[in-house]
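Engineer:
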Amino acid sequence: MNTVISIRIDKQAKESAQEVAENTGLKRGTLIGAYLRQVVASRHISLYAPEQMTPKLESLIAEVEAELAAGKVSKKFDIADDFLVDLNRRVRKVNY
74 MNTVISIRID
84 KQAKESAQEV
94 AENTGLKRGT
104 LIGAYLRQVV
114 ASRHISLYAP
124 EQMTPKLESL
134 IAEVEAELAA
144 GKVSKKFDIA
154 DDFLVDLNRR
164 VRKVNY
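If you use the numbering used here, the sequence shown corresponds to residues 74 to 169, in order.
1. Quick check for students: name the residue ranges of the alpha helix (DSSP H) that lie wholly in the segment 126 to 156, counting only runs of 4 or more.
2. What is the DSSP secondary structure of Leu99, counted as helix, strand or coil?
3. From Leu20 to Asp159, what does the alpha carbon distance come to, in whole angstroms?
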C-alpha cells in the first residue's frame, strides 16, 4: 500500500528536482521514493552540498590566474629532476 509524504522545500529546489527527474525519464515522486528506498536498503544517507567560494578565495584565484597569464609562474613538470634543474637556473638568475 502506498502512502503520501508531504514536505516543505524551497521553490528552486523543487523545480531543479523536477528538471533532474524529467531528464532521467522519471516523475519527481518516483525519484524521491527511489532515494528513500536506497537510504533504507543501504542504511546510509548521502548528501551533497556544493561548496561556495568566499570573496577572498575568488580574489586569490583571480590573482593566480593573472600570474599564470603573465607567465610569472613556472611551467608544469612531470619529472622531479627537470623541476630541480629549472629551479636552480632561476635561483642563479636571482643571485647574479
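Yeah, the Cβ is synthetic: ideal placement off N, Cα and C, and Gly gets one too.
Structural biologist: With the structure as the only source:
1. Entirely contained in the segment 126 to 156, the alpha helix (DSSP H) runs reaching 4 residues are, in chain order, 128 to 142.
2. If DSSP states are grouped into helix, strand and coil, Leu99 belongs with coil.
3. Outside the displayed range of the chain (74 to 169) lies residue 20, so it cannot be described from this structure.
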